[in-house]
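In the numbering used here, the protein residues as written are 2 to 637. Think of the CB as a built atom: it goes at the ideal place given N, C-alpha and C, for glycine as much as any other residue. Every value quoted in this text rests on a predicted model; they were computed, and no experiment measured them. Here the structure comes first, spelled out in structure tokens, and everything after it is commentary.
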Amino acid sequence: MTQALTSAVPSADALDTPLAVDILADHEQKGLLRFLTCGSVDDGKSTLIGRLLHDTKKVFEDQVAALRKDSARFGTQGEELDFALLVDGLEAEREQGITIDVAYRFFATEERKFIVADTPGHEQYTRNMATGASTADLAVILIDARKGVLPQTRRHSFIVSLLGIRHVVVAVNKMDIVGYAQETFAAIEADYRAFAEGFGFESIEVIPMAAITGENLTRRAPSMSWYEGPTLLEHLETVRIDADAVNGPFRMPVQWVNRPNLDFRGYAGTIVSGSVRPGDSIAVAASGRLATVARIATMGGDLEEATAGDAVTLTLAEEIDISRGDVLCPPDQRPEVADRLSAHVIWMGDEPLVPGRRYAVKVGKRLTSALVTRIVHGIDVNTLQEDAAETLSLNEIGFCELALATPVAFDPYEVNRDTGAFVLIDPLSNQTVGAGMIWRSLRKADNIHRQAFDIDRGARSELTGQKPRVLWFTGLSGAGKSTIANLVEQKLHEKGRLTFLLDGDNVRHGLNRDLGFSEEDRVENIRRVGEVAKLFTDAGLIVLVSFISPFRSDRKLARDLFKGDEFVEIHVDTPLSVAEDRDPKGLYRKARAGEIRNFTGIDSPYEPPESPELHLDTVHRSAEELAEDVIRYLKL
Numbered sequence: 002m003t004q005a006l007t008s009a010v011p012s013a014d015a016l017d018t019p020l021a022v023d024i025l026a027d028h029e030q031k032g033l034l035r036f037l038t039c040g041s042v043d044d045g046k047s048t049l050i051g052r053l054l055h056d057t058k059k060v061f062e063d064q065v066a067a068l069r070k071d072s073a074r075f076g077t078q079g080e081e082l083d084f085a086l087l088v089d090g091l092e093a094e095r096e097q098g099i100t101i102d103v104a105y106r107f108f109a110t111e112e113r114k115f116i117v118a119d120t121p122g123h124e125q126y127t128r129n130m131a132t133g134a135s136t137a138d139l140a141v142i143l144i145d146a147r148k149g150v151l152p153q154t155r156r157h158s159f160i161v162s163l164l165g166i167r168h169v170v171v172a173v174n175k176m177d178i179v180g181y182a183q184e185t186f187a188a189i190e191a192d193y194r195a196f197a198e199g200f201g202f203e204s205i206e207v208i209p210m211a212a213i214t215g216e217n218l219t220r221r222a223p224s225m226s227w228y229e230g231p232t233l234l235e236h237l238e239t240v241r242i243d244a245d246a247v248n249g250p251f252r253m254p255v256q257w258v259n260r261p262n263l264d265f266r267g268y269a270g271t272i273v274s275g276s277v278r279p280g281d282s283i284a285v286a287a288s289g290r291l292a293t294v295a296r297i298a299t300m301g302g303d304l305e306e307a308t309a310g311d312a313v314t315l316t317l318a319e320e321i322d323i324s325r326g327d328v329l330c331p332p333d334q335r336p337e338v339a340d341r342l343s344a345h346v347i348w349m350g351d352e353p354l355v356p357g358r359r360y361a362v363k364v365g366k367r368l369t370s371a372l373v374t375r376i377v378h379g380i381d382v383n384t385l386q387e388d389a390a391e392t393l394s395l396n397e398i399g400f401c402e403l404a405l406a407t408p409v410a411f412d413p414y415e416v417n418r419d420t421g422a423f424v425l426i427d428p429l430s431n432q433t434v435g436a437g438m439i440w441r442s443l444r445k446a447d448n449i450h451r452q453a454f455d456i457d458r459g460a461r462s463e464l465t466g467q468k469p470r471v472l473w474f475t476g477l478s479g480a481g482k483s484t485i486a487n488l489v490e491q492k493l494h495e496k497g498r499l500t501f502l503l504d505g506d507n508v509r510h511g512l513n514r515d516l517g518f519s520e521e522d523r524v525e526n527i528r529r530v531g532e533v534a535k536l537f538t539d540a541g542l543i544v545l546v547s548f549i550s551p552f553r554s555d556r557k558l559a560r561d562l563f564k565g566d567e568f569v570e571i572h573v574d575t576p577l578s579v580a581e582d583r584d585p586k587g588l589y590r591k592a593r594a595g596e597i598r599n600f601t602g603i604d605s606p607y608e609p610p611e612s613p614e615l616h617l618d619t620v621h622r623s624a625e626e627l628a629e630d631v632i633r634y635l636k637l
């Protein structure tokens with residue numbers, strides 16, 4: 002059996018002994034520190050991790066033998082072992098002597114367990130570095146003593162700060178090459194502390210070291226007797242990571258509704274902050290529904306208390322509507338719920354981020370769609386300057402505003418990294434193209450929470466005797482949307498149906514009188530109308546919406562507010578030439594004369610529906626006939 006450098010791996014029988022049980026129990030009680038290493042190319046990140054693994058006895062004899070062979074073939078240390086090769090696992094990494102992918106390694110000491118991420122130094126792999134930083138509690142930023150603080154040092158420090166890491170170790174490496182000069186170290190320390198002043202780090206520990214020999218890494222270096230601080234390993238074992246997650250308000254995103262039989266309904270998920278006990282009152286963040294925790298079920302039996310990091314199933318004393326993606330929380334400490342957000346975005350896609358393009362967004366366990374409505378500014382991570390930006394390219398960072406199809410529960414990222422983070426997904430390729438850190442909602446007030454009521458749309462629908470629906474008429478100006486919608490409403494009224502017609506012009510005289518026709522205002526125009534239509538359907542009505550709504554992404558945002566077949570998209574299809582000939586309001590004439598800007602069909606595009614529920618051809622059929630088609634579709 003493979004043996005470690007100092008002791009043999011215990012056999013299966015040995016694990017049953019009382020001593021082995023005690024050892025395993027002690028191991029389970031150790032705290033866990035997640036950290037990453039980052040810095041410029043050739044600063045010694047992989048060497049540092051390899052030396053840590055070696056000196057903490059986590060390298061097996063067969064690994065050492067393989068390392069010896071690899072060192073002879075790929076190594077840069079002559080006949081000595083090249084510890085960087087322990088973590089540079091890709092062939093390309095070994096051949097080039099650089100880190101490309103994020104490599105995760107586990108090791109433990111008597112004091113603590115560790116998971117370390119070795120992240121790339123090349124600028125082109127910034128997205129990989131951000132991935133490693135997203136779950137870390139501490140960052141080890143390496144600086145080559147010969148080169149001092151470089152632009153990549155500043156880049157990584159900024160990303161580390163942006164991703165919420167508050168504890169930093171600055172490892173001034175290769176001190177052996179500069180003759181262990183104290184003045185060189187002091188100059189680098191002063192330089193780093195000066196530029197990192199505004200990053201909000203809770204602790205910065207600067208350590209001189211030589212990773213290749215292990216000096217001040219795992220053992221003290223007589224050659225640097227002027228340094229009186231801890232070694233890197235001593236600091237990693239003793240640094241206090243604030244228990245914000247444990248002490249914060251209770252948050253549990255629901256991952257799965259557990260229904261093994263008719264007698265059990267539980268809500269499974271991992272608690273990301275705070276704690277919960279049976280008897281606690283909880284709320285569903287989005288709906289405001291209240292319930293009482295009955296049990297905290299786990300594979301090992303019920304718990305009297307569960308805290309951050311525990312994966313549990315909660316059963317409730319009351320039956321309330323909860324589904325995947327909902328966030329459970331205390332009634333008096335609820336997260337914000339909003340559908341318009343501002344956030345920092347790290348772009349990871351090969352194709353650039355373009356405002357107005359639709360993406361899927363995942364916040365916690367909630368998946369919805371979103372538009373990046375505006376890039377407020379880009380951020381030059383080398384100078385930290387804020388620059389105007391129309392797009393974001395691979396590895397670029399920007400501060401953006403987003404409009405989501407459905408409201409999501411969140412805490413600002415600086416308060417809770419679990420509930421304040423999201424990813425953007427390309428809906429066609431299903432690839433993650435961006436990572437975001439929520440700054441705040443774009444609402445005027447941030448102290449508003451949804452109130453739950455006992456009379457819901459189901460009860461109102463039962464009272465009215467009809468199924469609430471939205472009939473969304475879209476088409477060019479002059480296509481006949483309002484005429485057909487008006488006829489449909491008349492026919493529904495004759496059948497005793499309760500309806501309401503929302504017309505684009507009428508709404509702009511009142512609710513949306515403050516909006517113009519810019520791209521941002523058009524998005525907001527449809528967002529408001531969609532929300533109003535949803536309120537009317539909650540009241541049990543059939544709502545007819547007659548709006549040009551020229552952009553597919555806007556109509557998709559409106560559709561996402563409704564369930565199943567509640568949203569009926571009706572394309573009132575009229576060629577531009579026919580609509581322009583009709584021109585009942587003289588708008589096309591004014592647009593052609595330049596008197597109206599951003600007019601749909603002239604200098605602003607119309608995107609016809611790709612798969613509407615109903616397609617109405619107004620050229621060959623009358624408005625009366627088309628209205629009858631709508632009634633037949635509704636089966637009324």
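Residue i - containing beta strand (DSSP E), residue span
| i | result |
| --- | --- |
| F568 | F568 to D574 |
| D340 | E337 to W348 |
| E206 | S204 to P209 |
| E402 | I398 to F411 |
| D504 | T500 to D504 |
| R556 | Per DSSP, R556 belongs to no beta strand (DSSP E); it is in the alpha helix (DSSP H), R553 to R560. |
| V328 | V328 to C330 |
| R260 | W257 to N262 |
Identified DSSP bridge partners for residue i
| i | result |
| --- | --- |
| Y360 | A371 |
| W473 | V546 and E570 |
| I426 | A361 and T433 |
| E216 | A211 and R220 |
| N174 | D145 |
| T316 | R296 |
| P254 | V328 |
Buried versus exposed, by CB contacts within 10 Å (16 or more), residue i
| i | result |
| --- | --- |
| I178 | exposed |
| I1 | Because the chain spans 2 through 637 in this model, residue 1 falls outside it and cannot be assessed. |
| N174 | buried |
| P606 | exposed |
| E625 | exposed |
| Q300 | The question names Gln, but residue 300 is Met in the sequence shown. It is exposed - the Cβ of M300 has fewer than 16 other Cβ atoms within 10 Å. |
| F474 | buried |
| G275 | buried |
| E111 | exposed |
| R252 | buried |
| H55 | buried |
| L425 | buried |
| D506 | exposed |
| E490 | buried |
| D574 | buried |
Residues near residue i in its chain [Cβ-Cβ closer than 6 Å; skip 5 each side]
| i | result |
| --- | --- |
| D322 | none |
| L627 | I485 and L617 |
| L562 | G531 and K535 |
| P610 | E570 and H572 |
| L234 | T219 |
Residues near residue i by beta carbon distance below 7 Å, same chain, minus five either side
| i | result |
| --- | --- |
| E397 | W348 and G379 |
| G165 | Y414, E415 and R418 |
| T185 | A146 and V179 |
| P469 | R458, S462, T538, G541, L542, I543 and E567 |
| R642 | Since the first residue shown for the chain is 2 and the last is 637, residue 642 is missing from the structure and cannot be characterised. |
| V654 | What the structure shows of the chain is the stretch from 2 to 637, and residue 654 is not part of that stretch, so it cannot be assessed. |
| V22 | Any reading at V22 needs caution, since the residue's pLDDT is 46, under 50, leaving its predicted position unreliable; the model's value is listed next. Contacts found: none. |
Neighbourhood of residue i by C-beta distance below 8 Å, restricted to the same chain and skipping five residues each side
| i | result |
| --- | --- |
| E581 | G479, Y589 and G602 |
| P332 | S282, I283, A284 and L291 |
| E629 | K492 |
C-beta neighbour in chain C for residue i, strict 8 Å
| i | result |
| --- | --- |
| G51 | Given the protein chain composition of this structure (a single chain), no chain C is represented. |
Range covered by the alpha helix (DSSP H) that runs through residue i
| i | result |
| --- | --- |
| Y268 | Premise fails: Y268 lies in the beta strand (DSSP E), F265 to T271, not in any alpha helix (DSSP H). |
| R418 | First-last for R418: undefined, no H or E at that position. |
| A188 | Q183 to F196 |
| query | Three or more C-beta pairs closer than 8 Å, one from the stretch 169 to 178 and one from the stretch 201 to 212: is that the case here? | reply | A contact exists between the stretch 169 to 178 and the stretch 201 to 212.
| Using 8 Å as the Cβ pair cut-off and three pairs as the minimum, do the stretch 530 to 539 and the stretch 387 to 399 touch? | no
| task | Would you be able to state if there are at least three C-beta pairs under 8 Å between the stretch 298 to 317 and the stretch 348 to 362? | result | no
| Quick check: the stretch 111 to 119 against the stretch 46 to 59, are there 3 or more CB pairs under 8 Å? | Touching, yes, given that three or more Cβ pairs across the two stretches are closer than 8 Å.
| Can at least three beta-carbon pairs, one atom from the stretch 512 to 524 and one from the stretch 619 to 632, be found at a separation below 8 Å? | Segments in contact, no.
| message | Pairs of beta-carbons, one from the stretch 598 to 613 and one from the stretch 494 to 505, closer than 8 Å: are there three or more? | response | The answer is no - the stretch 494 to 505 does not touch the stretch 598 to 613, with fewer than three Cβ pairs under 8 Å.
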